[in-house]
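Heads up, the thing below is written out as structure tokens.
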Amino acid sequence: FGFLFVSGFTVLQVVPGRRTLCTGQTCIAGCSGPDWYEFGEFCYKPFEEKKTWHSARTSYCLARGADLLSIHSPEEEIFLSSFSKGKTTWIGLSVNPVEGGYHWSDGTPVSHTNWGHGEPNNHNGRENCVEMVTTENGTSWWNDLNCDAHQDWICMIAKGKKPIIPPEPPSPAPGASAISYYQ
Numbered sequence: 403f404g405f406l407f408v409s410g411f412t413v414l415q416v417v418p419g420r421r422t423l424c425t426g427q428t429c430i431a432g433c434s435g436p437d438w439y440e441f442g443e444f445c446y447k448p449f450e451e452k453k454t455w456h457s458a459r460t461s462y463c464l465a466r467g468a469d470l471l472s473i474h475s476p477e478e479e480i481f482l483s484s485f486s487k488g489k490t491t492w493i494g495l496s497v498n499p500v501e502g503g504y505h506w507s508d509g510t511p512v513s514h515t516n517w518g519h520g521e522p523n524n525h526n527g528r529e530n531c532v533e534m535v536t537t538e539n540g541t542s543w544w545n546d547l548n549c550d551a552h553q554d555w556i557c558m559i560a561k562g563k564k565p566i567i568p569p570e571p572p573s574p575a576p577g578a579s580a581i582s583y584y585q
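Using the working numbering, the letters of the sequence shown correspond one by one to residues 403 to 585.
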């Protein structure tokens with residue numbers, strides 16, 4: 403990616419191709435696994451495919467030993483919004499069906515929120531999941547949305563935990579169709 407952003411008095415840089423985080427002149431070893439980017443104690447992998455909240459979480463993040471991202475500080479949100487400029491991205495926040503309110507899918511406490519104006523509004527009583535909306539200049543806010551909408555997403559895994567690489571489905575034998583009918 404190769405970008406800089408300023409968080410308070412700290413200048414942070416993600417160096418393209420090295421998957422490292424540099425603060426000033428100090429670089430920290432990168433995350434294990436392709437296309438994972440480090441910030442603080444976690445590694446993040448953005449996906450630019452449109453999936454439902456549940457599909458993004460289960461079929462992609464959990465399948466890799468990760469989860470949808472949880473955001474716990476403005477600095478972390480600034481870092482994450484740099485991956486999704488001009489896009490909407492699923493985050494791991496959703497309505498807690500038992501206790502009410504919102505909870506992070508990874509079970510961590512909700513310590514930071516950044517709701518857009520008038521949000522959450524649970525439009526038509528069907529908005530139980532949350533997206534991060536990011537403008538082209540990197541400003542972001544959160545919006546509750548129907549979980550069946552299709553958005554990009556970002557997975558998050560603890561630093562030092564190696565992501566699982568999901569197996570590729572086997573290819574059909576040459577000349578065989580994916581569906582066989584027996585008579």
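Where is the CB? At the ideal position from N, CA and C, for every residue including glycine.
The structure presented is a predicted model; accordingly, all values stated were derived computationally and were not measured.
A direct Cα-to-Cα measurement between E450 and V500 gives close to 31 Å. For S542 against E479, the beta-carbon gap comes to about 6 Å, under 8 Å, which counts as contact.
When the Cα atoms are used, G518 and D546 turn out to be separated by approximately 9 Å. C-alpha of G562 to C-alpha of C433: approximately 7 Å in a straight line.
Annotated as distal: G494 and L464, with beta-carbon spacing of 8 Å or more. In this structure, D554 keeps its C-beta atom at 8 Å or more from the C-beta atom of K447. Bounds of the alpha helix (DSSP H) holding I480 are P476 to S483. Comparing C-alpha distances from V512 to each of P476, A468 and D550 shows the shortest one belongs to P476.
Each residue's CA atom was taken as its position, placing W438 and C445 some 6 Å apart. In the three-state DSSP reduction, C463 falls in the helix class (H, G or I). In this structure C549 is in contact with H456, their Cβ atoms being roughly 6 Å apart against a cut-off of 8 Å. The three-state reading of DSSP puts A458 in helix, counting H, G and I together. If only complete runs of 3 or more residues are kept, the segment 498-566 shows the beta strand (DSSP E) at 504-506, 531-536, 542-547 and 553-560, in order along the chain. DSSP places D437 in the coil class of the three-state scheme, outside both helix and strand.
Counting along the chain, the unbroken beta strand (DSSP E) around P448 starts and ends at F444 to K453.
The three-state reading of DSSP puts I493 in strand, counting E and B together.
L470 is bridged by DSSP to C557.
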